[in-house]
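Here the structure comes first, spelled out in structure tokens, and everything after it is commentary.
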Amino acid sequence: MLGLFGTLNLAARSMQAQMTGVEVAGQNLANVNTTGYSRQRVQLATSPDVTTGIGPEGTGVTATGIQQVVSALLNSQVQSQQSTSGYWNGQQSALQSAQNGLDEFLNGSAAAASATSVTSDSSTGLAAQLNGLFSAFSAVATSPTSTTARQALIGQAQTLATTFNNVNTQLGALKTSLNSSLSDNVDSANKLLSGIATLNQQISAAEFNGGTANNLRDEREQDLENLSQLTNITTRTETNGTVDVSIGGQALVTGYKVSDTLQTYDAGGGQMLVQTATGGVPLTLTGGSMQGTIDARDGTLATLQKNVNTLAGTLITQVNAIHGGGYSLTGSSGANFFNGTDAATITVNAALAGNPNLIQTSGSATAAGDNSVALQLAQLGSTAQGALGNQTFNDNYDATVAALGDSLSTANTQVANQTAVAQMLTTQRSSISGVNVDEEMTNLLSFQRAYEASAKLVSTVDTLMGDTLAMKT
Amino acid sequence: MRVTANAFDSSLTSQLNVLTARQYALQSQVSSGLKVAAPSDDPAAMANTLDYQAQNAAQTQYSSNISTLLSRAGSVYNVLQSLQTITSRAGEIATTVGGATNQQSTLDNYANEVNHLISQVVTAANTKDPATGQYLFGGTASTTAPFTATTDASGNVTGVTYSGNSTVNQAQIGVGMTATADIPGANTGSTGAHGLITDSQSGADLVNHLIALRNNLSSGNTTAITATDSANLQKDQNNVAYQVANNGVVQSQLNVAATIATNRSASLNTMISNTSSADLVQTMMQLSQTQTAYQAALQSGAKIMQLSILNYIS
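Chains as they are written, first to last, in our numbering: chain E, 682 to 1154; chain H, 587 to 900.
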């Protein structure tokens, strides 16, 4: 038999247990909007019975622990998805910038849209400028001695050369920007690795005497997910609660320590890649925004830049080969029309730009009005070029634009898909670990009522004790 | 499935983001009239559109070239009309004096007239294209006067020197098609374009034939006029008639090419429109549907989010 004092203790323990329940519900409600927070549950158990003459008798309730409600499987899936999502986001961001740099957009107008059909026009990109160059050659071929036509040709050629220069500058700046972004990502990853090692230590210390460091585990899970966005990681949970992290087989966090960090290195020609800082081991990344950035830079963007340079180089070579054999209005010959070798260096020969009469359009030294060279230059636009895979200049450039568009379109689709997958996983995880305000409020009321009941028990026992003491007087 | 407050918020936000992005895309399509504005919108359609635009730019240039050639052909035709008049009159004079007995004074008058005709021919043969300032009949050596007359002490033309060539410029008027409106002043070869004044293929040599006529008129050699000059001048008349006919053919060819370029350009514009333009009716309907979905999501979200157990406990 517990007696009055035993019952009083029972009531006190019950009040403490219910109060813990109120506190946990309060913690859950307070963190309802905290990213990465997993709801917690107080674990209640009956206190050990005492043996009495009439059999075992309960001694009330006790709070045995506060449990975090999580799914390790879902956490693992989220990490994997974050890595994939980060990869495609990295690609999308890089390719979107490349598309902007290429500046090959179609223009339309609202006024035109009111008609049954509209005519789109791309007037700023390389495609329009290439068309303009060959049209200008054709105009000069039609009026070979016309100064106006020659000036228009020079103007068009300069615009084309400047457009090539701008595209090259934009793509070069993008490459630099992506390298910088890669470096920033490496810094962020190193901070996260350091944070995870620190949290490992704190979690291990907190759980040394039993229990679970719920909030610290949430924080570490969040760090692991953020790290997964940057790169693909492999994790292993140790018995002491710590999580080891490795990338590409290289251990980076072991227990409480950061065993190695990441750094970028130049693999040649400004191609920045990632390796371990201490071991100097190049890492093979297979996911995350870092690899997405690297793949976009070394894949689609490198091909794009190479194609634009090949296009410019072939144009320079072919135009100069024909132009060099012609004669100008002054009878001069042998001058280049374009200077330079690629998109970065292409310019119109300054001598021709200063005096359009020096453009060599004639095929005869004695007939300035001859247009055979100008006609060849005009026809160059519809001539398949071996250096461009037997495509014309325009067809080759159209294919380059389409290839970039295809890559970005794929990245856009993948990002949309990954967003949907992320939403699904988030919902799934939320269904297990998320805080439901209604549920917590209900729990709060439940604990409150239980607390009130226990308080009433104290009051009752107090009355009984008073009655007992009053018996003596 | 257990649904938490945050899961609901997150899902609603995600759905609203998707609907907003779709509205933005559709609104852009309506305002620009384009369903393909960037390469990533539809890579294949973008490549096709750029290809059509390149072809369209070429057609526009062909139209411009044709316009220039038609203008030049018109200038050439004006000269040919003058030469037709001159050759006709010279032939008339040769026929007139050849069939009758003429006093020398009459023949001298005719010789004087022929002298003027010779000067007119030289002037006509050195005509410039008003549009470009190039000499029309110098072949591709069009920057200098093609015919230089030599004169005697009396100022009579005794011969002409041709400093041009027999080559003519071709200009693009269509895909793989070129044309020329030019006529060389002289062609003494057996191939190539017929020369305007001197042409070995037709036997024309207008200036020299006129000089011979004038000289025979001056010397009273009507026999030579009948025997030789009349026949020679007939060759010149035939040559000019050939050039007039050829000019007509060229102008006709250019007009046909202009029509082809215009039609082709219209066709390409339609193809560009079909490839890259938005179907406004369909797009507006899609926009309307998306707006309805967006409003529904907002309304339902706002209603449900207002409710919680907190509304019912005190």
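For glycine and all other residues, C-beta sits at the position ideal for the given N, C-alpha and C.
Using a CB distance below 7 Å, the part of the region 597–616 of chain H facing chain E consists of S597, S600, V616, ordered along the chain. Interface with chain H (8 Å Cβ-Cβ cutoff): E:L908 is excluded. Annotation for E:L954: no alpha helix (DSSP H) segment contains it, though the beta strand (DSSP E) segment containing it runs 953–957. Residue state for E:E919 is assigned as coil, using DSSP reduced to three classes. Straight-line measurement puts the Cα of H:L873 at about 7 Å from the Cα of H:Q613.
Among the CB atoms of chain H, none fall inside 8 Å of the CB of E:V750. Assigned with DSSP and collapsed to three states, E:A1055 falls in helix. Against chain H, the beta carbon of E:P825 has neighbours under 7 Å at N755, listed in chain order. The Cβ atoms of H:T808 and H:G684 lie closer than 8 Å to each other. Within the region 800–838 of chain E, no run of beta strand (DSSP E) reaches 3 residues while sitting entirely inside it.
Closest by C-alpha distance to E:T912, out of E:Q1095, E:G930, E:L776, E:N895, is E:G930. The region 1044–1051 of chain E makes contact with the region 727–737 of chain H, as at least three CB pairs between them are under 8 Å.
Taking a beta-carbon distance threshold of 8 Å, E:V1116 counts as an interface residue toward chain H.
In the DSSP assignment, E:G973 falls within the unbroken alpha helix (DSSP H) covering 969–977.
The shortest CA-to-CA distance from E:L710 to any of E:G1021, E:T1022, E:E1120, E:A833 is the one to E:E1120. In the DSSP assignment, H:Y828 forms no beta bridge with any residue. By the criterion of a C-beta distance shorter than 7 Å, E:T844 is surrounded in its chain by L807, Q810, once the five residues flanking it on both sides are discounted. By the beta-carbon neighbour count (other beta carbons within 10 angstroms, threshold 16), E:R917 is exposed.
Segment contact: the region 1084–1098 of chain E against the region 770–778 of chain E, three or more CB-CB distances shorter than 8 Å; contact assigned. Within the same chain, and ignoring the five residues on either side of E:V1139 in sequence, the residues whose Cβ sits closer than 8 Å to its Cβ are L689, A692, A693, M696. Rounded to whole angstroms, E:N1030 and E:N1020 show a C-alpha spacing of 6 Å.
Of the residues E:G789, E:L1033, E:G767, the one whose Cα lies closest to the Cα of E:A870 is E:G767. Bridge partners of E:E738 according to DSSP: E:V731. By the 16-neighbour rule on beta-carbons within 10 angstroms, E:Y1008 is buried. A contact between stretches requires three or more CB pairs, one per stretch, nearer than 8 Å, and the region 824–838 of chain H fails this requirement with the region 796–815 of chain H. For the pair of segments examined, the region 810–824 of chain E was found to touch the region 638–645 of chain H: the number of CB pairs separated by less than 8 Å reaches three.
For H:D822, the closest Cβ of chain E is not nearer than 8 Å. Leaving aside the five residues that flank H:G771 on each side, the residues in its chain whose CB is nearer than 8 Å to its CB run, in chain order, A711, F723, G724, G725, P732, F733, Y748, G750, G781, L782, I783, T784. If you ignore the 5 residues before and after H:S851, its C-beta comes within less than 8 Å of the C-beta of N642, Q645, T646, S649, all in its own chain and listed in chain order.
Fully contained in the region 1029–1081 of chain E are the following alpha helix (DSSP H) runs of length 4 or more, in chain order: 1031–1035, 1053–1061. Burial is judged here by how many other beta carbons sit within 10 angstroms of a residue's own beta carbon; H:H795 has at least 16 and is buried. Put simply, the region 1107–1115 of chain E touches the region 746–762 of chain E. At least three CB pairs are less than 8 Å apart. The beta carbon of E:G707 does not come within 8 Å of any beta carbon belonging to chain H, so the residue lies off that interface. Look at H:M763 here: in three-state DSSP terms it is strand. In the DSSP assignment, H:G745 falls within the unbroken beta strand (DSSP E) covering 743–748. At least 8 Å separates the beta-carbon of E:S728 from that of E:V750.
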